[in-house]
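Chains as they are written, first to last, in my numbering: chain A, 4 to 142; chain B, 4 to 142; chain C, 4 to 142. This report refers to the structure that appears directly beneath it.
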Amino acid sequence: MTVRSARIPVASRGDGDTLDLTGDLARELAACGLADGVAVLFIGGSTAGLTTIEFEPGAVGDLGRLFEEIAPRDRDYRHHQAWGDDNGHSHVRAALLGPSLSVPFTKGRLGLGTWQQVILVDFDTRPRRREVQVQFLGE
Amino acid sequence: MTVRSARIPVASRGDGDTLDLTGDLARELAACGLADGVAVLFIGGSTAGLTTIEFEPGAVGDLGRLFEEIAPRDRDYRHHQAWGDDNGHSHVRAALLGPSLSVPFTKGRLGLGTWQQVILVDFDTRPRRREVQVQFLGE
Amino acid sequence: MTVRSARIPVASRGDGDTLDLTGDLARELAACGLADGVAVLFIGGSTAGLTTIEFEPGAVGDLGRLFEEIAPRDRDYRHHQAWGDDNGHSHVRAALLGPSLSVPFTKGRLGLGTWQQVILVDFDTRPRRREVQVQFLGE
Chain A
4 MTVRSARIPV ASRGDGDTLD LTGDLARELA ACGLADGVAV LFIGGSTAGL
54 TTIEFEPGAV GDLGRLFEEI APRDRDYRHH QAWGDDNGHS HVRAALLGPS
104 LSVPFTKGRL GLGTWQQVIL VDFDTRPRRR EVQVQFLGE
Chain B
4 MTVRSARIPV ASRGDGDTLD LTGDLARELA ACGLADGVAV LFIGGSTAGL
54 TTIEFEPGAV GDLGRLFEEI APRDRDYRHH QAWGDDNGHS HVRAALLGPS
104 LSVPFTKGRL GLGTWQQVIL VDFDTRPRRR EVQVQFLGE
Chain C
4 MTVRSARIPV ASRGDGDTLD LTGDLARELA ACGLADGVAV LFIGGSTAGL
54 TTIEFEPGAV GDLGRLFEEI APRDRDYRHH QAWGDDNGHS HVRAALLGPS
104 LSVPFTKGRL GLGTWQQVIL VDFDTRPRRR EVQVQFLGE
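Have a look at this one:
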């Protein structure tokens with residue numbers, strides 16, 4: 004077994020912008036040459052998260068509504084008092100969703116379902132350029 | 004280190020049906036022969052998720068209530084407009100819970116607590132046959 | 004590649020007490036001597052979870068409010084009927100947040116953002132001594 008590192012650059016509009024990383028991840032897997040193992044994805048930063056979803060505008064919009072309902076943007080957050088920030092909701096949403104995701108691969112193919120894509124949800128209140136870190140652990 | 008792959012078949016009734024995978028996972032770990040490492044579990048498909056819980060009907064029912072409250076079944080979802088599906092709540096619940104889970108093992112034993120079981124929650128609206136993918140990374 | 008195991012002891016006050024594990028994790032990474040790979044963290048037990056956040060009292064308090072709102076402490080839980088416990092909310096919060104977290108490292112450094120810390124949230128209703136298990140997979 005060995006480890007191969009990759010980075011997937013993402014440019015988001017913020018405000019819950021949701022990006023499909025599946026194609027980039029598959030390309031990086033092919034480039035790294037490993038056949039069997041796990042791709043561990045991680046977003047450095049505390050206002051975005053990773054998960055999977057059927058990537059179509061309806062389901063993505065539904066997920067956005069869920070987050071708005073459980074952690075509304077327009078209310079007071081104690082985090083705002085700390086720094087004068089306006090992204091308290093971004094922080095709690097990201098903490099709940101989580102920054103890491105692991106996807107298995109066998110024979111060079113990701114173990115995703117047919118209607119399942121890897122997504123980054125950027126909860127921050129402004130456009131951001133980020134990089135998703137990927138460690139391929141396998142052989 | 005090496006990687007050993009396994010699959011755990013699950014047959015669920017859908018509608019939040021929650022299945023205890025711990026016994027199957029322990030059996031697969033014993034069968035793969037590795038002593039120290041990590042079991043990475045993943046569910047392919049976008050209407051189910053993985054986590055751990057004390058697997059008794061009360062706690063499982065409480066978790067079901069939480070999901071029903073934050074993402075009720077009987078309301079409009081934009082995902083329904085896309086495909087005529089009725090499982091918009093299944094998609095957002097699964098995305099929030101997440102499709103992957105990592106469990107360490109040492110000396111051939113999973114690092115679970117005494118009252119902690121690995122579960123799959125199937126949020127879909129109909130019975131499903133699925134397979135949980137497991138990659139054992141270890142030595 | 005190889006695996007190195009570590010344990011981070013934590014003493015929490017319970018009731019959502021949130022502990023920053025970043026310093027301990029960085030120390031264990033340095034001690035294990037690996038340069039590139041993934042740190043897989045896991046909390047054995049079903050009333051605590053792991054994630055990342057900007058660890059300052061405001062954001063941590065905001066996250067606590069979110070959990071109190073979606074899974075309030077003072078209500079009935081079916082889990083209470085099972086054992087006479089009072090921590091039904093702890094179980095569902097922990098199941099939702101999840102017990103595992105994976106953090107990449109390269110050249111001996113964790114891939115965390117500048118304002119992003121690894122945290123354990125202890126949802127139980129009493130002070131607890133626990134150990135977070137860490138498996139460093141790398142080379």
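Note that beta-carbon positions come from the ideal geometry of N, C-alpha and C, so glycine has one too. Here the structure is a predicted model, which means the values were calculated and not measured.
Can you find the residues in the same chain that come closer than 6 Å, C-beta to C-beta, to threonine 55 of chain A, ignoring five residues on each side of it along the sequence? Along the first sequence, read from residue 1 onward, the residue named residue 55 of chain A stands at position 52. Exclusion of the five residues before and after threonine 55 of chain A leaves Gln119, Val121 as the residues of its chain whose Cβ lies within less than 6 Å of its Cβ.
Relative to the alpha-carbon of leucine 24 of chain B, which residue among B:Val137, B:Gly47, B:Glu142 has its alpha-carbon at the smallest distance? Your numbering for residue 24 of chain B matches position 21 in the second sequence. Comparing Cα-Cα distances from leucine 24 of chain B to each of B:Val137, B:Gly47, B:Glu142, the minimum goes to B:Val137.
is_contact[serine 8 of chain B, chain C] using C-beta, thresh 9 Å: As a position in the second sequence, residue 8 of chain B is number 5, starting the count at 1. Judged by the 9 Å Cβ criterion, serine 8 of chain B is not in contact with chain C.
On the CB-based measure, 16 or more other CB atoms within 10 Å of its CB, does arginine 96 of chain C come out buried or exposed? In the third sequence, the residue the question calls residue 96 of chain C occupies position 93. With 16 or more Cβ atoms within 10 Å of its Cβ, arginine 96 of chain C is classed as buried.
Just tell me which of A:Leu37, A:Gly141, A:Gly91 has its CA closest to the CA of valine 63 of chain C. For this step, residue 63 of chain C is matched to residue 60 along the third sequence. That would be A:Gly91, whose Cα lies nearest to the Cα of valine 63 of chain C.
Under 9 Å, CB to CB, which of the residues in the segment 99 to 110 of chain C have a partner in chain A? Answer in chain order: Leu99, Leu100, Gly101, Ser103, Leu104, Ser105, Val106, Pro107, Phe108, Thr109.
Collapsed DSSP secondary structure at serine 49 of chain A in the structure displayed: Translated into the one-based positions of the first sequence, residue 49 of chain A becomes position 46. In the structure shown, serine 49 of chain A falls within a coil segment according to DSSP collapsed to helix, strand and coil.
Give the list of continuous alpha helix (DSSP H) stretches no shorter than 4 residues that lie fully inside the segment 88 to 122 of chain B. Complete alpha helix (DSSP H) runs here, min 4: 91 to 100.
7 Å Cβ cut-off: residues of chain A touching glycine 47 of chain B: Counting from one through the second sequence, the residue named residue 47 of chain B turns up at place 44. Per Cβ cutoff of 7 Å: Gly114, Leu115, Gly116, Gln119.
Which value, in whole angstroms, describes the spacing of the CA atoms of leucine 32 of chain A and leucine 66 of chain B? The residue you call residue 32 of chain A lines up with position 29 of the first sequence. The residue you call residue 66 of chain B lines up with position 63 of the second sequence. Between leucine 32 of chain A and leucine 66 of chain B, the C-alpha separation is close to 36 Å.
Simplified DSSP assignment, three categories, for aspartate 27 of chain C: Within the third sequence, the letter at position 24 stands for residue 27 of chain C. Note: aspartate 27 of chain C maps to helix in three-state DSSP.
Buried or exposed: where does arginine 133 of chain B fall if 16 or more other Cβ atoms within 10 Å of its Cβ makes it buried? If you number the second sequence from 1, residue 133 of chain B lands on position 130. Under this definition arginine 133 of chain B is a buried residue.
Is leucine 100 of chain A closer than 9 Å to valine 124 of chain A when the C-beta atoms are compared? Looking up residue 124 of chain A in the first sequence gives position 121. Looking up residue 100 of chain A in the first sequence gives position 97. Using a Cβ distance threshold of 9 Å, valine 124 of chain A and leucine 100 of chain A count as a contacting pair.
Quick one: measure Cβ to Cβ for alanine 14 of chain A and leucine 69 of chain C, integer angstroms, because I've assumed they're closer than 8 Å. Reading the first sequence from its first residue, position 11 is the one you call residue 14 of chain A. Reading the third sequence from its first residue, position 66 is the one you call residue 69 of chain C. Contact between alanine 14 of chain A and leucine 69 of chain C does not hold, since the beta-carbon distance rounds to 28 Å and is not under 8 Å.
To which residues of the same chain is threonine 128 of chain B closer than 7 Å at the C-beta, ignoring the five residues directly before and after it? Walking along the second sequence from the start, residue 128 of chain B turns up at place 125. Result list for threonine 128 of chain B: Gly17, Asp18, Asp89, Asn90, Ser93, in chain order.
What residues from chain A crowd round aspartate 65 of chain C, counting only those whose CB sits closer than 7 Å? The residue labelled residue 65 of chain C in the question sits at position 62 within the third sequence. In chain order, Tyr80, Arg81, His82, Gly91, His94, Val95 make up the part of chain A whose C-beta sits under 7 Å from the C-beta of aspartate 65 of chain C.
When you compare each of A:Val43, A:Ala85, A:Ala98 to leucine 104 of chain B by their alpha carbons, which one comes out closest? Sequence index remark: in the second sequence, residue 104 of chain B carries index 101 (1-based). Taking only the C-alpha atoms, the option nearest leucine 104 of chain B is A:Val43.
Using the Cα positions of alanine 51 of chain C and cysteine 35 of chain C, report the straight-line distance between them to the nearest angstrom. Residue mapping note: residue 51 of chain C aligns to position 48 of the third sequence, counting from 1. Residue mapping note: residue 35 of chain C aligns to position 32 of the third sequence, counting from 1. The C-alpha of cysteine 35 of chain C is placed about 26 Å away from the C-alpha of alanine 51 of chain C.
Host beta strand (DSSP E) of glutamate 134 of chain B (start-end): Numbered from its first residue, the second sequence carries residue 134 of chain B at position 131. Counting along the chain, the beta strand (DSSP E) containing glutamate 134 of chain B begins and ends at 131 to 141.
Taking beta-carbon pairs under 9 Å, can you tell me which members of the segment 28 to 57 of chain B lie near chain C? Of all residues in the segment 28 to 57 of chain B, those with a C-beta nearer than 9 Å to a C-beta of chain C are Asp39, Gly40, Val41, Val43, Leu53, Thr54, Thr55, Ile56, Glu57, reading in chain order.
Considering only C-alpha positions, which residue in the set C:Glu59, C:Ile11, C:His82, C:Gly26 is nearest to tryptophan 86 of chain A? Indexing the first sequence from 1 puts residue 86 of chain A at position 83. Nearest of C:Glu59, C:Ile11, C:His82, C:Gly26 to tryptophan 86 of chain A, Cα basis: C:Glu59.
Classify alanine 38 of chain A: buried if its beta carbon has 16 or more other beta carbons within 10 angstroms, exposed otherwise. Walking along the first sequence from the start, residue 38 of chain A turns up at place 35. Alanine 38 of chain A should be labelled exposed.
Residues sharing a beta bridge with aspartate 43 of chain A, DSSP: Taking the first residue of the first sequence as 1, we reach residue 43 of chain A at position 40. A small correction: the amino acid at residue 43 of chain A is valine; aspartate does not occupy that position in the sequence shown. Per the DSSP secondary-structure output, valine 43 of chain A pairs in a beta bridge with A:Ser105, A:Gln138.
With DSSP collapsed to three states, give me the class of proline 60 of chain B. Here residue 60 of chain B is taken as the residue at index 57 of the second sequence, counted from 1. Proline 60 of chain B: helix per DSSP, three-state reduction.
Alpha carbon to alpha carbon, what distance is there between aspartate 27 of chain C and glycine 47 of chain C? The count along the third sequence starts at 1 and reaches residue 47 of chain C at position 44. The count along the third sequence starts at 1 and reaches residue 27 of chain C at position 24. Cα to Cα, glycine 47 of chain C sits roughly 18 Å from aspartate 27 of chain C.
At a Cβ threshold of 9 Å, is glycine 26 of chain C touching chain A? Translated into the one-based positions of the third sequence, residue 26 of chain C becomes position 23. No, no contact with chain A.
Grab me the residues of methionine 4 of chain B's own chain with a C-beta within less than 8 Å of its C-beta, minus the 5 sequence neighbours each way, in chain order. Taking the second sequence and counting its residues from 1, one reaches residue 4 of chain B at position 1. Once the five neighbours on either side are set aside, the close Cβ partners of methionine 4 of chain B are Gly40, Leu140, Gly141, Glu142.
Is arginine 76 of chain B helix, strand or coil when you go by DSSP? The residue labelled residue 76 of chain B in the question sits at position 73 within the second sequence. Here arginine 76 of chain B sits in coil by DSSP.
Looking at the structure shown, is arginine 81 of chain A part of a helix, part of a strand, or coil, going by DSSP? Start at 1 with the first residue of the first sequence, and residue 81 of chain A comes out as number 78. Arginine 81 of chain A falls in the helix class under three-state DSSP.
By how many angstroms is the C-alpha of proline 102 of chain C removed from the C-alpha of leucine 115 of chain B? Counting from 1 along the second sequence, the entry for residue 115 of chain B is found at position 112. Counting from 1 along the third sequence, the entry for residue 102 of chain C is found at position 99. Using only the alpha carbons, I get a separation of about 10 Å.
Can you tell me the Cα-Cα spacing of valine 107 of chain A and proline 130 of chain B, whole angstroms? Residue 107 of chain A sits at position 104 when you count from the first residue of the first sequence. Residue 130 of chain B sits at position 127 when you count from the first residue of the second sequence. Per the sequence shown, residue 107 of chain A should be read as proline rather than valine. Using only the alpha carbons, I get a separation of about 25 Å.
With 16 as the cutoff for other CB atoms within 10 Å, does aspartate 20 of chain B come out buried or exposed? The sequence position of residue 20 of chain B within the second sequence is 17, counting from 1. Aspartate 20 of chain B is buried by the Cβ-count criterion.
Rounded to whole angstroms, what is the Cα-Cα separation between isoleucine 11 of chain C and threonine 109 of chain B? The residue you call residue 11 of chain C lines up with position 8 of the third sequence. The residue you call residue 109 of chain B lines up with position 106 of the second sequence. The alpha-carbon atoms of isoleucine 11 of chain C and threonine 109 of chain B are separated by roughly 15 Å.
Among A:Arg7, A:Ser8, A:Arg30, the one whose alpha carbon lies nearest that of arginine 112 of chain A: For the purposes of this step, residue 112 of chain A is taken as residue 109 along the first sequence, with counting starting at 1. Of the listed residues, the one whose Cα sits closest to arginine 112 of chain A is A:Arg30.
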